[in-house]
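In my numbering, the protein residues as written are 179 to 487.
Heads up, the beta-carbon is just placed ideally off N, CA and C, and yes, glycines get one too.
Okay, structure first, notes after.
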Amino acid sequence: MTRPDPVASSAPAPATAAPVTVTATTTAAAPASPTAARPRIAARKVRFDFAAVPRHWFGGSKVATHLANGVNMLFPQGERFFVRSVNHFLDRIDDPELVAQARGFFGQEGKHASAHDDYNDMLRAQGYQIDRFLAAYAWWGREVTERIMPPELRLATTAAAEHFTAIMAENAFKKQILAAAHPTMKSLLQWHAAEEIEHKSVAFDVLQRVNPSYALRLAGMVVATVQLSSWWMLGTLTLLRQERLSLAELRAERDGIRATRPDDEGIARRVFLRGIREYLRRDFHPADNDNFHLAELLLRDSGVVAASA
Numbered sequence: 179m180t181r182p183d184p185v186a187s188s189a190p191a192p193a194t195a196a197p198v199t200v201t202a203t204t205t206a207a208a209p210a211s212p213t214a215a216r217p218r219i220a221a222r223k224v225r226f227d228f229a230a231v232p233r234h235w236f237g238g239s240k241v242a243t244h245l246a247n248g249v250n251m252l253f254p255q256g257e258r259f260f261v262r263s264v265n266h267f268l269d270r271i272d273d274p275e276l277v278a279q280a281r282g283f284f285g286q287e288g289k290h291a292s293a294h295d296d297y298n299d300m301l302r303a304q305g306y307q308i309d310r311f312l313a314a315y316a317w318w319g320r321e322v323t324e325r326i327m328p329p330e331l332r333l334a335t336t337a338a339a340e341h342f343t344a345i346m347a348e349n350a351f352k353k354q355i356l357a358a359a360h361p362t363m364k365s366l367l368q369w370h371a372a373e374e375i376e377h378k379s380v381a382f383d384v385l386q387r388v389n390p391s392y393a394l395r396l397a398g399m400v401v402a403t404v405q406l407s408s409w410w411m412l413g414t415l416t417l418l419r420q421e422r423l424s425l426a427e428l429r430a431e432r433d434g435i436r437a438t439r440p441d442d443e444g445i446a447r448r449v450f451l452r453g454i455r456e457y458l459r460r461d462f463h464p465a466d467n468d469n470f471h472l473a474e475l476l477l478r479d480s481g482v483v484a485a486s487a
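Here is the structure:
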């Protein structure tokens, strides 16, 4: 299943900030490796007020907004799938520190799912018809992904999807993907991105304990790539179709995005090709990319208070 480049492109930044209510509680201990400078995995109590978010919240661009909405719509069901996939094997993990990390992962993903339920309610309030699309996505997840795929493949799919979301999260900071987002949306997605970085290794570490097969890992990457890219595209098209844009308007939107981000590689290269290339290494581990410090920077910029160490 899927989940952030939280966003896909950029446009002129909005000017005013919106309030965010935040508290934080730590729910898991530090990772097992004593040498890894990893943050605690903490579930933060965060509530976002979407009332003032405009329909085209990404710098006024319909295309950029719906590229972002298209993937964000998937998160409630996707995050809960990730939790079920890892939790299925939790009683087979005899490392108490990894178990603690997994429980912290469950807490964070649960908060993400809840926040994006509210996000989807915002889309409904803005007049977008999303329920048929989300019902189809839920049917696929229930009848195909979870009924047909064996548990180990579901876990491998989760581990691969978590690698993609960690890349998206890093892009949110390093490439300033969120610069044009409405302040409330920027805060939401920075918080989400930070926690994706914090727990990026958990599903992979559980997979390695359960079944370290390279073939299984690659099979999970295939499923994650196909499902994430397909449902992301379908979600984006579902929303764009409701805008009734002419070809001329679509070209103008595309040209505007390219003008503001002339060096952008695009989602396919920036997220999918990079993720696949890294994941193909036999000795790959998510923590090889030591970017845990970005989580703190994203949280600080978002206005979300990080959990105390």
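I think A337 touches A381, with their Cβ atoms under 8 Å apart; what is that distance to the nearest whole Å?
Contact flag correct, Cβ pair sits at about 4 Å.
Please go through the same chain and pick out, in chain order, the residues whose beta-carbon is closer than 7 Å to the beta-carbon of D479, but skip the five residues on each side of it.
Same-chain partners within the cutoff: Q368.
Over the uninterrupted alpha helix (DSSP H) stretch that includes R419, give me the two end residues.
Unbroken alpha helix (DSSP H) run through R419: Y392 to E421.
Going by DSSP, what residue range makes up the beta strand (DSSP E) through V224?
First-last of the beta strand (DSSP E) with V224: A220 to F226.
By alpha-carbon positions, which one of L312, L385, S292 and Y315 ends up nearest to F462?
Taking only the C-alpha atoms, the option nearest F462 is L385.
Counting along the chain, where does the alpha helix (DSSP H) carrying W318 start and finish?
D309 to W318 is the span of the alpha helix (DSSP H), which, as asked, contains W318.
Unbroken alpha helix (DSSP H) runs of length 4 or more, entirely within the region 251-320: which are they?
Within the region 251-320, the complete alpha helix (DSSP H) runs of at least 4 residues are 253-265, 274-303 and 309-318.
If I follow the unbroken alpha helix (DSSP H) through Q368, where does it start and stop?
That run of the alpha helix (DSSP H) goes P361 to E376.
Whose C-beta lies closer than 6 Å to the C-beta of G248 among residues of the same chain, with five residues either side of it excluded?
So the list reads W410, G413 and T414, once near-sequence residues are dropped.
Is the beta carbon of T403 closer than 7 Å to that of F311?
Result no, Cβ atoms of F311 and T403 do not sit closer than 7 Å.
Where do the N-terminal and C-terminal ends of the alpha helix (DSSP H) with V388 fall, by residue?
Residues V380 to V388.
Going by DSSP, what residues sit across from F470 in a beta bridge?
F470 pairs with nothing; no bridge assigned.
Could you pull the start and end residues of the alpha helix (DSSP H) that P232 belongs to?
From DSSP, P232 is part of no alpha helix (DSSP H); its letter is neither H nor E.
Indicate the three-state DSSP secondary structure (helix, strand or coil) for F342 in the structure shown.
The answer is helix: DSSP assigns F342 an H, G or I state.
What's the gap between the Cα of A278 and the Cα of E287?
Rounded to the nearest angstrom, the two C-alpha atoms are 14 Å apart.
Mapping DSSP to helix, strand and coil, what is A465?
In the structure shown, A465 sits in a helix (DSSP, three-state: H, G or I).
Determine the closest residue to V261 out of A242, T243 and R281, with distance taken between C-alpha atoms.
Selected option, being the one with the closest Cα: R281.
Identify whether V249 lies in helix, strand or coil by the three-state DSSP scheme.
Note: V249 maps to helix in three-state DSSP.
When the Cα of V459 is compared with those of G444, F267, S391 and L406, which residue comes out closest?
A small correction: the amino acid at residue 459 is Arg; Val does not occupy that position in the sequence shown. The residue with the shortest Cα to Cα distance from R459 is S391.
When you compare only the Cα positions, how much space is there between V401 and W318?
Computed Cα separation, rounded: 13 Å.
Using CA coordinates, which residue listed in A291, D269, E321 and A314 is at the minimum distance from G256?
Nearest option by C-alpha distance: A291.
Can you tell me the Cα-Cα spacing of G238 and E474, whole angstroms?
Each residue's Cα considered, the two are about 29 Å apart.
When the distance is taken between beta carbons, is G481 closer than 7 Å to S365?
Yes, Cβ-Cβ distance for S365 and G481 is below 7 Å.
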